[in-house]
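Asker:
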Amino acid sequence: MKWFFIIVMSLTISNSVAQESESLSWLTNLEEAKEIAKKEKKPILVYFTGSDWCAPCKSLKVDFFDSPKFKEQSTGLVLVMIDYPRRIDIISEEQMEYNKNIIEKYNTDKSFPKLVGLNHRGKEIAEISGYSPMRDTTYHFKFLEEVLQ
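Numbers 149 to 297, taken from this note's numbering, label the letters of the sequence shown in order.
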């Protein structure tokens, strides 16, 4: 019985460690991302989301960002998430002010979700807005290929 308990605990711990290692590392500061991108010669993917109110953003997260294909391809990118929530307890006031400034520069039409690809020097390569109600990620993966070239 003791060995059974040890085996079950070991499997549980290794499963939770595997899940943690699969999560994506999103930055919330574009200047920091630009420094990393310049050093590593990687393009930047900026994701504009309304995490608590934007239904297409929530669907895109599940269908695109949580997919094994995206997780694999994301290793060639520096990821930045710019959130524009309605609830004030999700991000700090300072972060919200920062995000508004980034939105003014890179998402002037305030489209959510929106992805903007920047090269390692910070120059815009491509962008894609919205997400299909059919939950088709084809265009998002084509966009990603363009950014990764």
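Every residue, glycine too, gets a C-beta built ideally from N, C-alpha and C.
Predicted model only: the values in this text are computed from it and were never measured.
Mapping DSSP to helix, strand and coil, what is Y287?
Answerer: Sequence index remark: in the sequence shown, residue 287 carries index 139 (1-based). Reduced to three states, the DSSP call for Y287 is helix.
Asker: Starting from K187, follow the alpha helix (DSSP H) in both directions and report where the run begins and ends.
Answerer: If you number the sequence shown from 1, residue 187 lands on position 39. Where K187 is concerned, the enclosing alpha helix (DSSP H) stretches over 178-188.
Asker: Excluding the 5 residues flanking N255 on each side, which residues of the same chain have their C-beta closer than 6 Å to its C-beta?
Answerer: As a working mapping, residue 255 is identified with position 107 in the sequence shown. Only F196, K262 meet the Cβ criterion.
Asker: Just tell me which of G198, N249, P281 has its CA closest to the CA of I236.
Answerer: The residue labelled residue 236 in the question sits at position 88 within the sequence shown. When only C-alpha atoms are compared, the closest one is G198.
Asker: Quick check on DSSP: helix, strand or coil for D231?
Answerer: Numbered from its first residue, the sequence shown carries residue 231 at position 83. It is a strand residue.
Asker: To the nearest angstrom, how far is it from the Cα of P233 to the Cα of N247?
Answerer: The count along the sequence shown starts at 1 and reaches residue 233 at position 85. The count along the sequence shown starts at 1 and reaches residue 247 at position 99. Roughly 10 Å separates the two Cα atoms.
Asker: Could you give the distance in angstroms between the alpha-carbon of A299 and the alpha-carbon of V194?
Answerer: The chain is shown from 149 up to 297; residue 299 falls before or after that span and cannot be answered.
Asker: So is V228 buried or exposed if we call it buried at 16+ other beta carbons inside 10 Å?
Answerer: Taking the sequence shown and counting its residues from 1, one reaches residue 228 at position 80. It is buried - the Cβ of V228 has at least 16 other Cβ atoms within 10 Å.
Asker: Hey, how far is the Cα of L296 from the Cα of E188?
Answerer: Numbered from 1 along the sequence shown, position 148 holds the residue referred to as residue 296. Numbered from 1 along the sequence shown, position 40 holds the residue referred to as residue 188. Taking the straight line from one Cα to the other gives about 13 Å.
Asker: Is it buried or exposed for T285, if we count other Cβ within 10 angstroms and need 16 for buried?
Answerer: Within the sequence shown, the letter at position 137 stands for residue 285. Buried, by the Cβ-count rule.
Asker: When you compare each of E252, I238, G265 to L225 by their alpha carbons, which one comes out closest?
Answerer: Here residue 225 is taken as the residue at index 77 of the sequence shown, counted from 1. When only C-alpha atoms are compared, the closest one is G265.
Asker: Answer with buried or exposed for C257, where buried requires no fewer than 16 other C-beta atoms within 10 angstroms of its C-beta.
Answerer: What you label residue 257 is simply residue 109 of the sequence shown in a count that begins at 1. According to the sequence as given, residue 257 is Asp; it is not Cys. Classification for D257: exposed.
Asker: Give the straight-line distance between the Cα atoms of S215 and R283, rounded to the nearest whole angstrom.
Answerer: For the purposes of this step, residue 215 is taken as residue 67 along the sequence shown, with counting starting at 1. For the purposes of this step, residue 283 is taken as residue 135 along the sequence shown, with counting starting at 1. Distance between the alpha carbons of S215 and R283 is about 13 Å.
Asker: By the three-class DSSP mapping on this structure, what secondary structure does G270 have?
Answerer: In the sequence shown, residue 270 corresponds to position 122, counting from 1. The answer is coil: DSSP assigns G270 none of H, G, I, E or B.
Asker: Name the two residues that bound the continuous alpha helix (DSSP H) containing L208.
Answerer: Within the sequence shown, numbered from 1, the residue matching residue 208 stands at position 60. Segment 203-208, the alpha helix (DSSP H) holding L208.
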